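In the numbering used here, the protein residues as written are 3 to 180.
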C-alpha cells in the first residue's frame with residue numbers, strides 16, 4: 003500500500019498542487035477540492051499547524067538601536083552639506099524586535115519551503131499593481147492560527163462532503179480549518 007496518493011500527476015506537479023492548496027487553505031481558512039486531494043492537503047496543513055503551535059512562544063524580545071534617515075513633511079530625506087558634500091541626516095531610534103530561537107527559525111524555514119508568496123489586493127484598488135501588498139503567511143501562522151489551536155491536540159482541519167462534481171462525478175469536499 004502506498005504512503006501517499008499520486009493524484010494522477012508527476013511528482014513536481016503534485017508537489018506544486020499541494021503547496022498551492024495548502025497556501026490557499028491557510029490564507030483563506032477553507033477551500034473546495036476533491037476528496038483525495040483534500041486528504042493529502044490535510045496531512046501537510048496539519049503538520050505545519052502543529053509546528054506553529056509548538057514554536058509559537060519560542061522567541062525573545064530584544065531592544066535594538068537603529069539609524070533611521072530623518073524625513074521632511076513630504077517624506078523625502080533631509081540632507082545637510084558636510085565638507086562640500088550632501089549627506090543624509092540620520093536619527094537613532096530604539097526598536098523592539100522579536101528574536102527567534104533556533105528551533106523557531108527552523109520551523110519558519112520549514113514553512114517557507116511549503117508556502118507560495120501571497121499578494122493581497124484591496125477591493126477598492128482592484129487591478130492596480132502598486133497597491134498590492136505581500137502577506138507574511140508564516141507570521142500569520144505564529145500570531146493568528148497557532149494561538150487559536152494552542153489547547154487542541156491535533157485535528158485542526160475538517161472535511162465536509164459537498165456532493166459529486168457535475169463534469170466527472172468526482173466527490174467534492176469542503177476542507178476548512180476547525
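Even glycine gets a Cβ: it sits at the ideal position worked out from N, Cα and C. Predicted model only: the values in this text are computed from it and were never measured.
- Residue 55 counts as buried, since no fewer than 16 other beta carbons sit within 10 angstroms of its beta carbon.
- The DSSP-derived three-state label of residue 149 is helix.
- In the DSSP annotation of this structure, the continuous segment of the alpha helix (DSSP H) that includes residue 113 starts and ends at 104 to 116.
- Classified as exposed, residue 96 has fewer than 16 neighbouring CB atoms from the shown chains inside 10 Å of its CB.
- In this structure, the beta-carbon distance from residue 136 to residue 119 falls below 9 Å.
- Beta-bridge annotation (DSSP): residue 136 is paired with 121.
- Looking at the DSSP output, residue 97 bridges to 66.
- If you draw a straight line from the Cα of residue 40 to the Cα of residue 8, it is about 13 Å long.
- Around the beta carbon of residue 109, 16 or more other beta carbons lie within 10 angstroms, which makes this residue buried.
- Counting only the Cα atoms, residue 24 lies some 14 Å from residue 161.
- Spatial neighbours of residue 127 in its own chain (CB-CB distance under 7 Å, excluding positions within 5 residues in sequence) are listed in chain order as 133.
- Residue burial annotation: residue 113 is buried, with at least 16 other C-beta atoms found within 10 angstroms of its C-beta.
- Cβ neighbours of residue 82 within its own chain (closer than 7 Å, five residues either side excluded): 89, 91.
- The beta carbon of residue 61 lies closer than 8 Å to those of 100, 101, 102, 103, 106 in the same chain, with the five residues before and after it left out.
- Nearest to residue 173 by C-alpha distance, out of 51, 37, 148, is 37.
- Excluding the 5 residues flanking it on each side, residue 11 has same chain C-beta neighbours closer than 8 Å at 19, in chain order.
- Counting along the chain, the unbroken alpha helix (DSSP H) around residue 27 starts and ends at 13 to 30.
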